[in-house]
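To start, the structure itself, in C-alpha cells.
Chains as they are written, first to last, in our numbering: chain A, 4 to 115; chain B, 1087 to 1195.
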C-alpha cells in the first residue's frame, strides 16, 4: 500500500506571497490532518479534515486554510506569508476517528 | 485544554542500559496516548499506543491516570533506538492530536 505523499517537497517563497501544499492520503483513509513543525514550537496541529469537512482546528490565524476533496486528497493554503511561517509542514492520514496516523515526508517551506 | 509535556530534550544512555522517556499530560477527560518515533531521515511513525498495551521493539508504556503520565520504557537500550521520540495525546471523538516537544534519545555504544 502506498504511503502518504506530499508535494512539493521543498518550496521557497517571499513574504506576502501565498502557497498551496498538497497531501495524498493512504488509499481508504478518510481523515487527513496537517501539522506545522518548527525547532522552537515542535509539532503543532493545524487542522483535520474528514469526508471533506473540517472537524478540528488548531490555534493558527485565518491565513492558514485547507480543504479536502472527494477522493480524500487535501490541500492547505497559507496566504500573505510571513517569515515565521518557515517550517516543515506534515500531513498525516488515518482511517477515521482516533486511529493511528500515518505521516508523509513533509513539505519544507522557506519564506524569505 | 490538553497539554503534553516531555521534560527532557535530550537523553543519553549507554548501550544495554535501561531507558525511560518521560511524558506527562493534562486533560480532564479520557485521552488516548501515543508514542511516535522519528529515526534519522525517516518519517514520523507510530511506536505504540496505550490501548493496544503491546510491546514494540522492546518498548512499553503504561498509562498512569493518577500521575497523568505515559512514560516510555525499555530495559536494555540498543544503538538502533537512537531517534527522536514524541509523546502525543488524542482527545475527544475526533483526530485532534497534541504532541509533546520531543526527546532525542542518544544511545552511546
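Note that beta-carbon positions come from the ideal geometry of N, C-alpha and C, so glycine has one too.
Please classify residue i as buried or exposed, where buried requires at least 16 neighbouring CB atoms within 10 angstroms.
i, result
"residue 99 of chain A", "exposed"
"residue 1093 of chain B", "exposed"
"residue 39 of chain A", "buried"
"residue 1115 of chain B", "exposed"
"residue 1106 of chain B", "exposed"
"residue 1141 of chain B", "exposed"
"residue 1153 of chain B", "exposed"
"residue 28 of chain A", "buried"
"residue 1158 of chain B", "buried"
"residue 44 of chain A", "exposed"
"residue 64 of chain A", "exposed"
"residue 1128 of chain B", "exposed"
"residue 95 of chain A", "buried"
For residue i, which residues of its own chain have a beta-carbon under 6 Å away from its beta-carbon, when the five flanking residues on both sides are left out?
i, result
"residue 20 of chain A", "84"
"residue 1136 of chain B", "1119 and 1149"
"residue 57 of chain A", "50"
"residue 1144 of chain B", "1160"
"residue 79 of chain A", "24, 37 and 69"
"residue 1155 of chain B", "1110"
In the DSSP assignment, what are the bridge partners of residue i?
i, result
"residue 1189 of chain B", "B/1171"
"residue 1106 of chain B", "B/1159"
"residue 1112 of chain B", "B/1089"
"residue 7 of chain A", "The partner list for residue 7 of chain A (beta bridge, DSSP) is empty, contrary to what the question assumes."
By Cβ distance, which residues of its chain are closer than 7 Å to residue i, with the 5 residues on each side in sequence left out?
i, result
"residue 1101 of chain B", "1163, 1164, 1165, 1193, 1194 and 1195"
"residue 1090 of chain B", "1109, 1111, 1173, 1174, 1175, 1184, 1185 and 1186"
"residue 88 of chain A", "81, 112 and 114"
"residue 108 of chain A", "9 and 12"
"residue 1191 of chain B", "1097, 1105, 1107, 1167, 1168, 1169 and 1171"
"residue 59 of chain A", "50 and 51"
"residue 15 of chain A", "113 and 115"
"residue 41 of chain A", "90"
"residue 1132 of chain B", "1120 and 1122"
Less than 8 Å between the C-beta atoms of residue i and residue j, yes or no?
i, j, result
"residue 1184 of chain B", "residue 1095 of chain B", "no"
"residue 1122 of chain B", "residue 1174 of chain B", "yes"
"residue 106 of chain A", "residue 93 of chain A", "yes"
"residue 25 of chain A", "residue 104 of chain A", "no"
"residue 61 of chain A", "residue 47 of chain A", "yes"
"residue 72 of chain A", "residue 51 of chain A", "no"
"residue 53 of chain A", "residue 76 of chain A", "no"
"residue 1147 of chain B", "residue 1134 of chain B", "yes"
To which residues of the same chain is residue i closer than 8 Å at the C-beta, ignoring the five residues directly before and after it?
i, result
"residue 82 of chain A", "21, 66 and 68"
Complete beta strand (DSSP E) runs within the stretch 23-108 of chain A (minimum length 3 residues, chain order): 34-41, 45-53, 56-60, 67-71, 77-81 and 90-97
Ranges of the beta strand (DSSP E) found wholly within the stretch 1130-1165 of chain B, counting only runs of at least 3: 1131-1135 and 1158-1160
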